[in-house]
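Data block below; observations after.
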Amino acid sequence: MENPNETQKAPAPEAVKADQETLAHSIQEDELQDMLDEKVADTLLNSEMEVETSEEDAPKEAISPEIVQQTIDAEEMQETLDTRVLRDFDEGIISFDHGGIIRYINPAASLILGLTGNAAGKRYRDVFGRENSALLSFLVKSTAEKNTSHRGDILFHRDDGGSVLLNTSCICLQDDGDPQNRSYAVHFEDITEIDVLRRKRRESSAVFIGTMTAVSVWIFVVALWQKTGQRVSQEIMTQFIHAISLVMFFYIRHYTHFTFEEMGFKTKGISGAVKLDCLLTAAFTAMLFGIKLILLRVSPGFFAEGAPFWDWSRLNWSDFTYPLTVVLQEFLSRGVIHENLRRIFVGKYSETAAILVSSLLFGALHIHRGFMYMIAATALLSIFGVLYHKQNSIWGLCVPHFVLGEAVWFLGFV
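Listed below in structure tokens is the structure:
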């Protein structure tokens with residue numbers, strides 16, 4: 005009997021075919037590799053032969069005076085180009101040696117720092133003055149730690165009394181081992197306006213967060229009152245808006261850098277804005293009268309039965325304080341919400357988004373009046389937002405706000 009371990013099975017036809025294909029591919033790869041090696045060897049041999057020929061047999065051409073002059077002209081042109089680049093650079097560049105002597109200062113540096121006269125050849129300590137100790141300390145540290153590139157934002161006080169914030173960097177240009185031969189370059193750009201925009205955006209975010217918190221609290225309070233079956237009166241709504249507007253006003257005045265103009269209290273050019281707003285007020289008031297006439301015919305039950313067309317009996321103390329309410333409401337909706345959204349939103353449609361979002365937020369404050377009133381308030385505030393975008397002032401908007409608010413009240417729409 006044969007040993008099973010010694011018995012070998014005949015390979016399957018498929019396996020034989022696969023082995024043959026593998027062998028063929030291996031032979032083909034070997035041939036390609038041999039051809040490649042031969043090609044590389046020929047290339048290296050030819051290169052060595054060319055090098056030997058160029059070193060031994062090739063005649064050496066003499067350098068002509070024309071070539072020397074062309075080289076000199078090219079170097080001078082490059083130096084002129086470098087000088088023009090530094091001269092026309094929008095950012096400041098100053099080079100100085102180890103002793104603190106200014107060797108070069110471009111026009112942009114003099115303009116940004118407010119320097120008069122040529123500062124080259126003077127010590128930077130004398131040029132910058134003691135009031136700019138932050139910049140002096142920065143340059144001393146950069147000189148001491150020559151192997152490190154130093155960068156930082158430094159406030160520079162100009163001779164004309166102004167200040168600029170500089171994004172500054174300093175590097176060692178040349179170091180041949182001798183400290184006396186070292187040279188340095190300081191590069192800076194004026195980021196004052198950028199810093200102001202960043203600060204205003206941070207402040208706007210803080211103000212907007214506070215406003216959103218107050219609006220959210222108000223909506224929850226209204227929802228809670230409605231759940232208990234109680235009705236939120238107009239007086240409570242008015243006092244709430246007074247409170248939040250006054251809090252926002254004092255917060256912005258004391259904890260931000262916003263001016264009165266940036267809060268919507270601009271007075272320049274207000275006469276033209278008031279004229280336009282008065283015309284719109286007349287048009288919208290006439291529209292309210294027309295709507296009431298139509299509703300009296302098609303839906304007589306919409307208004308209180310027996311009430312006059314214009315009901316003076318509804319006059320109360322809040323009508324006398326309403327002008328203050330109008331100013332505070334316009335300040336809250338435009339000077340606070342709209343203005344802060346302007347600074348927060350970016351992009352092509354940022355202004356449109358600011359108008360819509362501010363109108364929706366202020367319309368949501370009227371949740372106690374019902375859904376239809378919220379829709380009407382949002383639509384009217386959107387129109388006010390467009391006007392504010394054109395006028396950048398709340399004073400003209402106070403006219404239609406006051407007149408339309410009183411008209412809606414005495415006509416009996418609310």
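The sequence shown maps to residues 5 to 418 in the working numbering.
We treat Cβ as the ideally placed atom computed from N, Cα and C, and that holds for glycine.
Spatial neighbours of residue i in its chain, beta-carbon cut-off 7 Å, leaving aside the 5 residues before and after
| i | result |
| --- | --- |
| Asp315 | Phe414 and Gly416 |
| Glu6 | Summary for Glu6: the model assigns pLDDT 42, below 50, so the residue's position carries little reliability, and this model does not support an answer. |
| Glu95 | Ala112, His191, Phe192 and Glu193 |
| Tyr4 | The question about residue 4 has no answer, for the chain in this structure spans 5 to 418. |
| Glu239 | Ser322 |
| Lys270 | Asn396 and Ser397 |
| Arg318 | Trp413 and Phe414 |
Where residue i falls, given that 16 or more other Cβ within 10 Å makes a residue buried
| i | result |
| --- | --- |
| His261 | exposed |
| Leu36 | Unreliable placement is indicated for Leu36, whose pLDDT of 47 sits below 50; the coordinate value is still reported in the next sentence. The residue in question, Leu36, is exposed, as its Cβ has fewer than 16 Cβ neighbours within 10 Å. |
| Asp194 | buried |
| Trp222 | buried |
| Ser220 | exposed |
| Tyr353 | exposed |
| Ile198 | exposed |
| Tyr259 | exposed |
| Leu115 | exposed |
| Phe388 | buried |
| Met267 | buried |
| Asn320 | exposed |
| Arg338 | buried |
| Ala308 | exposed |
| Phe295 | The sequence shown places Ile at residue 295, rather than the Phe named in the question. Ile295 comes out exposed. |
| Thr263 | exposed |
| Leu4 | The structure shown does not extend to residue 4, since the chain spans only 5 to 418, so no value can be given for it. |
| Glu265 | exposed |
| Glu56 | Per-residue confidence for Glu56 stands at a pLDDT of 41, beneath the threshold of 50, marking its modelled position as unreliable; no derived number is given. |
Distance between residue j and residue i (C-alpha atoms, nearest Å)
| i | j | result |
| --- | --- | --- |
| Phe132 | Ser141 | 12 Å |
| Ile106 | Lys145 | 17 Å |
| Ile371 | Val226 | 7 Å |
| Arg373 | Asp164 | 57 Å |
| Val330 | Ile298 | 29 Å |
| Asn185 | Gln178 | 7 Å |
| Lys204 | His161 | 22 Å |
| Ser153 | Gly103 | 19 Å |
| Ser386 | Leu345 | 14 Å |
| Gly125 | Ile109 | 10 Å |
| Met291 | Ala411 | 11 Å |
| Ile341 | Arg257 | 15 Å |
| Gly310 | Leu328 | 32 Å |
| Phe253 | Gly367 | 20 Å |
| Phe306 | Arg206 | 48 Å |
| Thr232 | Phe224 | 13 Å |
| Gly214 | Tyr188 | 49 Å |
| Ala138 | Thr120 | 21 Å |
| Ile248 | Ala218 | 7 Å |
| Cys174 | Ala210 | 35 Å |
| Thr251 | Gly409 | The sequence as given places Val at residue 251; Thr does not occur at that position. For Val251 and Gly409, the distance between alpha carbons rounds to 24 Å. |
| Ser303 | Thr289 | 20 Å |
| Asp157 | Lys272 | 36 Å |
| Phe212 | Glu355 | 16 Å |
| Arg155 | Thr172 | 5 Å |
| Gln243 | Leu117 | 51 Å |
| Val418 | Ser362 | 23 Å |
| Phe375 | Leu384 | 14 Å |
| Glu59 | Cys176 | Since pLDDT at Glu59 reaches only 43, below the 50 mark, its modelled position is unreliable, and no value is offered. |
Proximal residues to residue i (C-beta, below 8 Å), its chain only, five neighbours per side dropped
| i | result |
| --- | --- |
| Met216 | Leu365 |
| Ile245 | Thr329, Leu332, Gln333, Leu336 and Leu369 |
| Leu159 | Ala138, Ser167, Val168, Leu169 and Leu170 |
| Met378 | Gly367, Ala368, His370 and Ile371 |
DSSP beta-bridge partners of residue i
| i | result |
| --- | --- |
| Glu193 | Asn171 |
| Leu159 | Leu169 |
| Tyr108 | Ser99 |
| Arg127 | Ile105 |
| Gln178 | Ser187 |
| Phe269 | Ser397 |
| His405 | In DSSP, His405 forms no bridge with anything. |
| His154 | Cys174 |
Nonlocal neighbours in the same chain, by C-beta distance under 6 Å from residue i, ignoring five residues either side
| i | result |
| --- | --- |
| Glu79 | Here Glu79 scores only 48 on pLDDT, less than 50, and its place in the model is too uncertain to base an answer on. |
| Trp399 | Ile274 |
| Trp229 | Val236 |
| Pro17 | Because the pLDDT of Pro17 is 49, which lies under 50, any placement of that residue in the model is unreliable, and the number read from its coordinates should be weighed accordingly. Contacts found: none. |
| Ala358 | His342, Leu345, Arg346 and Phe349 |
| Pro183 | His102 |
Open item on the list: Does the stretch 274-291 come into contact with the stretch 399-409, if we say contact requires no fewer than three beta-carbon pairs (one atom in each stretch) closer than 8 Å?
Closed with: yes
Task: Segment contact flag, the stretch 333-343 with the stretch 386-401, C-beta cutoff 8 Å, min 3 pairs - done: yes
Open item on the list: Taking contact to mean 3 or more Cβ pairs, one atom from each stretch, closer than 8 Å, check whether the stretch 346-364 and the stretch 294-308 are in contact.
Closed with: no
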